[in-house]
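Engineer: Here it is, the structure in full.
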Amino acid sequence: MFILLGMPVVQIIIFGFALTNEVKNSKIAILDPSKDAATTSLIAQMEASRYFEVDQVIHSAEEIEPIFKKGKIKLAVIFPANFNEDLQHFNKAQVQLIADASDPNVANTLTNYATAVIMDYQNRITNDKKLPYTINTEMRMLYNPELKGAYNFVPGVMAMVLLLVCTMMTAITIVREKEMGTMEIMLVSPMKPFRIVIAKAVPYLLLSSVNIASILLLSVFVLDVPINGSLVLLVFESLLFTLVSLALGLLISSRAESQQTAMFISLVALFLPTVMLSGFMFPVENMPLPLRTVSNIVPAKWYYSIVKSVMIKGIGLHAVWKETLILIGMLVFFLGLAIKNFKIRLA
Amino acid sequence: MSTDKVITAEQLTKRFGDFTAVDAISFNVYKGEIFGFLGANGAGKTTAMRMLSGLSMPTSGKASVAGFDVYKENEKIKQNIGYMSQKFSLYEDLTVKENIRFYAGIYGKSDQFIKEKTSVVLEQLHLTAEGNKLVKSLPLGWKQKLAFSVAIFHEPQIVFLDEPTGGVDPVTRREFWNMIYLAAEAGITVFVTTHYMDEAEYCNRVSIMVDGRIDALDTPEKLKKTYGVATMDDVFLKLARKAVRSAD
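Respectively, the protein sequence lines represent chains G and R.
The opening residue of the first sequence carries number 4 in this note's numbering; numbering runs sequentially from there.
The opening residue of the second sequence carries number 21 in this note's numbering; numbering runs sequentially from there.
In structure tokens:
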């Protein structure tokens, strides 16, 4: 009953408000060596728009790369040393926009917004003068110069496939044994429950490894998505995520009594949040606070961010240790809970 | 029939929250005996059986199975018992032989033992020709007989049968009981729950559970005499009518 009445309400709210491709309050960095009247008012105007929020002001071009790798900012606005002078003397000036294109949609939207704000400013100052001013914007798409969608969906698909294979299939096969009554027979046998669980999980671990390999091979050789970071780290993180998914599958199976229930829980509790809240389809940053909070407990969100960092941005463990630790924490938590539930059933 | 006790229970109790599913039951089962465990639905039969087979921890009381304590030595108990549940529980998508090999393997039997015994068992069941057929292609009666053979394949001391003949025709039930007699003659103690009162007559001794307690325990003949009725059916009805708890 709750599902029947609650579902439409929840869906309207989620789709209507939370899941927009619109980008708001994106963190940007500013490099402004000239600090003159023109740049100051342009920056003020950018900040006044609801799209941008100046996160930090940097002082040299060398700082650009590291802050992008940290993943804190989505866009950097670089002014030349004498912006105002250029504008006054030659009626012409340049601004460089650098966007983090590991998410091509967001990068595209942001550079469009920024260009619009700059154009707006250009038109306004031109109105006062006889000669038209031109501010040229030069764009650079970091990590993904061609704005390929594959850069975005390869990590997302990896998260989804692993979750689907491991969680859903593990849950379903174990619940199937319960339904058929074979689980009971195994539990009265001298086999240790722990061994039953391991035996159930191993095939899916192997299957997932094959899946990871085939997705990576396809993306490198067919879709031309590079693996910029360490392959070992990527594989390690993928196995970690696989284990988290397996643990979730076990947890579901210890609760569900029928295959349908197991499937339903896997879909509603895992698949939908993974698609909607991992950042794969819709940028998490723009969601309202409650949803952003919820997104933190979606394992795929962390895995997705790790894969993007390692694969597309090519950064190492030092940058993703936080996400890795969160995944390990989740693994321990879910596995512990699953084993506890399993034991309770035996008691 | 011997006087060696293979199962003893003393004041065995299981509570789920406020609900006392099994209320201080005490009884002994002797070696090679066919022990009928009767009761209406919800009387606590399955719970009692689960405690004895190590699936469930008792809340209080004492019990030992095959000489091992249910609290501390439940791994050893598991080695010495066979179990067949009311759910028919073979793998439908494996063949007859694969099912036997799988379950025997769980009990750690050697390949040699499995191979030799499989052909003996299939011959007894007249299933030699069907050895490589999928279990789902067999009729229900055969599946149930096969499930019983699988449950005693590893030659346990005791076999627990939880309503083994549900949904089976009378002829197959008779054949099934012949198998039970054969197993008992071979020294396996049979602990069986059932709803069929004609089956109760086949048991050496019968206990009848009402509301979590054992209200009667004796041979079918003596029970009929005590309650002054002609059949086990009447004995059961007389006792079960007193039940306060509703059936599930």
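C-beta atoms are modelled at their ideal positions from N, C-alpha and C, and glycine is treated no differently.
What residues in the region 179–204 of chain G have a beta carbon less than 7 Å from any beta carbon of chain R?
Structural biologist: MET183, GLY184, THR185, GLU187, ILE188, MET189, LEU190, VAL191, SER192, PRO193 and MET194
Engineer: Would you say MET74/R lies against chain G (beta-carbon separation less than 8 Å)?
Structural biologist: By one-based count along the second sequence, residue 74/R stands at place 54. One detail in the question is off: residue 74/R reads as Gly in this sequence, not Met. Judged by the 8 Å Cβ criterion, GLY74/R is in contact with chain G.
Engineer: Of the residues that make up the region 109–130 of chain R, which ones have a beta carbon closer than 8 Å to any beta carbon in chain G?
Structural biologist: SER109, LEU110, TYR111, GLU112, TYR123, ILE126, TYR127 and GLY128
Engineer: For the region 46–101 of chain G, which segments carrying the beta strand (DSSP E) assignment without a break, of at least 3 residues, lie completely within its bounds, in sequence order?
Structural biologist: The qualifying runs are 55–61 and 78–81.
Engineer: Just to confirm, does PHE47/R get its C-beta within under 7 Å of one of the non-hydrogen atoms of the ligand ADP?
Structural biologist: Although the ligand ADP was asked about, the structure shown includes no ligands whatsoever.
Engineer: Okay, do the region 299–307 of chain G and the region 231–248 of chain G touch, 3+ Cβ pairs below 8 Å being the bar?
Structural biologist: yes
Engineer: Should LYS82/R be flagged as near chain G, meaning a C-beta pair shorter than 8 Å?
Structural biologist: Locating residue 82/R in the second sequence gives position 62, where the first residue counts as 1. No, LYS82/R does not count as interfacial toward chain G.
Engineer: Are the C-beta atoms of LYS51/R and some chain G residue less than 8 Å apart?
Structural biologist: Within the second sequence, numbered from 1, the residue matching residue 51/R stands at position 31. LYS51/R has a beta carbon lying at 8 Å or more from every beta carbon in chain G.
Engineer: Against chain G, does GLN31/R count as a neighbour if the rule is that its beta carbon must be under 8 Å from one of theirs?
Structural biologist: Here residue 31/R refers to the residue found at position 11 when the second sequence is read from its first residue. Chain G contact via Cβ: absent.
Engineer: Give a yes or no on contact between the region 274–281 of chain G and the region 249–261 of chain G, applying the rule of three or more CB pairs nearer than 8 Å.
Structural biologist: no
Engineer: According to DSSP, is TYR91/R part of a helix, a strand, or is it coil?
Structural biologist: In the second sequence, counting from the first residue as 1, residue 91/R sits at position 71. In this structure, TYR91/R counts as coil in the three-state DSSP scheme.
Engineer: Pick helix, strand or coil for ASN130/G, following the three-state DSSP scheme.
Structural biologist: Taking the first residue of the first sequence as 1, we reach residue 130/G at position 127. It is helical.
Engineer: Quick one: using the 10 Å Cβ neighbour count with 16 as the cut-off for buried, is PHE55/R buried or exposed?
Structural biologist: Against the second sequence, residue 55/R aligns to sequence position 35. By the neighbour-count rule (16 or more Cβ atoms within 10 Å), PHE55/R is buried.
Engineer: Looking at the secondary structure, which residues open and close the beta strand (DSSP E) in which ASN48/R lies?
Structural biologist: What you label residue 48/R is simply residue 28 of the second sequence in a count that begins at 1. Note, ASN48/R: beta strand (DSSP E), 39–50.
Engineer: Pull up the distance between the alpha-carbon of LYS156/R and that of GLU112/R, whole angstroms please.
Structural biologist: Mapped onto the second sequence, residue 156/R falls at position 136. Mapped onto the second sequence, residue 112/R falls at position 92. Roughly 5 Å between the two C-alpha positions.
Engineer: When DSSP builds the beta bridges, which residues end up paired with VAL179/R?
Structural biologist: For the purposes of this step, residue 179/R is taken as residue 159 along the second sequence, with counting starting at 1. In the DSSP output, where bridge partners are listed per residue, VAL179/R has GLY102/R and VAL210/R.
Engineer: Excluding sequence positions up to five away, which residues of its chain have a Cβ less than 6 Å from the Cβ of ARG70/R?
Structural biologist: In the second sequence, counting from the first residue as 1, residue 70/R sits at position 50. So the list reads SER76, once near-sequence residues are dropped.
Engineer: Chain G partners of LYS242/R, CB-CB under 9 Å?
Structural biologist: Indexing the second sequence from 1 puts residue 242/R at position 222. None at all; the shortest Cβ gap to chain G is about 32 Å.
Engineer: Does the Cβ of GLU240/G have 16 or more other Cβ atoms within 10 Å, making it buried, or fewer, making it exposed?
Structural biologist: Taking the first residue of the first sequence as 1, we reach residue 240/G at position 237. Around the C-beta of GLU240/G, 16 or more other C-beta atoms lie within 10 Å, and the residue is accordingly described as buried.
Engineer: Does the beta-carbon of LEU313/G have 16 or more other beta-carbons within 10 angstroms, so that it is buried, or is it exposed?
Structural biologist: Mapped onto the first sequence, residue 313/G falls at position 310. A small fix is needed here, since residue 313/G is Val in this sequence, not Leu. By the 10 Å Cβ count, VAL313/G comes out buried.
Engineer: Taking buried to mean at least 16 other C-beta atoms within 10 Å of its own C-beta, is TRP324/G buried or exposed?
Structural biologist: Sequence index remark: in the first sequence, residue 324/G carries index 321 (1-based). Answer is exposed; the Cβ neighbour count stays below 16.
Engineer: Establish whether the CB of ILE234/R and some CB of chain G are separated by less than 8 Å.
Structural biologist: Mapped onto the second sequence, residue 234/R falls at position 214. False, the Cβ-Cβ gap to chain G never drops below 8 Å.
Engineer: Just to confirm, are GLY359/G and CYS169/G a CB contact at a threshold of 8 Å?
Structural biologist: There is no way to answer for residue 359/G, as the model of chain G reaches only from 4 to 350.
Engineer: Does any CB atom of chain G fall closer than 8 Å to the CB of GLN99/R?
Structural biologist: For the purposes of this step, residue 99/R is taken as residue 79 along the second sequence, with counting starting at 1. Interface residue, yes.
Engineer: Quick one: using the 10 Å Cβ neighbour count with 16 as the cut-off for buried, is ALA267/R buried or exposed?
Structural biologist: For the purposes of this step, residue 267/R is taken as residue 247 along the second sequence, with counting starting at 1. Because ALA267/R carries a pLDDT of 48, less than 50, the predicted location of this residue cannot be relied on, and the following value inherits that uncertainty. Exposed, since its Cβ has fewer than 16 Cβ neighbours within 10 Å.
Engineer: Taking Cβ-Cβ distances shorter than 8 Å, what residues in chain G pair up with GLU95/R?
Structural biologist: Mapped onto the second sequence, residue 95/R falls at position 75. By Cβ distance, chain G contributes PRO193.
Engineer: Could you pull out every residue in the same chain whose Cβ sits closer than 7 Å to the Cβ of THR138/R, ignoring the five residues on either side in sequence?
Structural biologist: Mapped onto the second sequence, residue 138/R falls at position 118. Result list for THR138/R: LYS117 and ILE120, in chain order.
Engineer: Please go through the same chain and pick out, in chain order, the residues whose beta-carbon is closer than 7 Å to the beta-carbon of PHE71/G, but skip the five residues on each side of it.
Structural biologist: Here residue 71/G is taken as the residue at index 68 of the first sequence, counted from 1. Once the five neighbours on either side are set aside, the close Cβ partners of PHE71/G are ASP103 and LEU145.
Engineer: Evaluate the contact criterion for the region 163–176 of chain R versus the region 169–182 of chain G: three or more CB pairs, one atom per stretch, below 8 Å.
Structural biologist: no
Engineer: With which residues is ASN139/G paired in a DSSP beta bridge?
Structural biologist: Taking the first residue of the first sequence as position 1, residue 139/G is located at position 136. Answer is GLN97/G, bridged to ASN139/G.
Engineer: Contact defined as beta carbons within less than 8 Å: I believe ASN85/G pairs with ASN155/G. What is the distance between those atoms, to the nearest angstrom?
Structural biologist: As a first step, residue 85/G is located in the first sequence; it is residue number 82 there, counting from the start. As a first step, residue 155/G is located in the first sequence; it is residue number 152 there, counting from the start. With 8 Å as the limit, ASN85/G and ASN155/G do not qualify as a contact, their Cβ atoms being about 38 Å apart.
Engineer: Determine the extent of the alpha helix (DSSP H) in which PHE283/G is found, giving its start and end residues.
Structural biologist: The sequence position of residue 283/G within the first sequence is 280, counting from 1. Per DSSP, PHE283/G belongs to no alpha helix (DSSP H) and is neither H nor E.
Engineer: Any idea if LEU294/G is buried or exposed, counting beta-carbon neighbours within 10 angstroms, 16 or more meaning buried?
Structural biologist: Taking the first sequence and counting its residues from 1, the one referred to as residue 294/G is at position 291. By the neighbour-count criterion, in which 16 or more other beta carbons inside 10 Å mark a residue as buried, LEU294/G falls on the buried side.
Engineer: Specify, as a first and last residue, the run of the beta strand (DSSP E) that SER217/G falls within.
Structural biologist: Looking up residue 217/G in the first sequence gives position 214. No beta strand (DSSP E) holds SER217/G; the alpha helix (DSSP H) holding it covers 196–224.
Engineer: Report the partner residues of LEU154/R according to the DSSP bridge assignment.
Structural biologist: Looking up residue 154/R in the second sequence gives position 134. DSSP, once it has assigned bridges, lists THR115/R as partnering LEU154/R.
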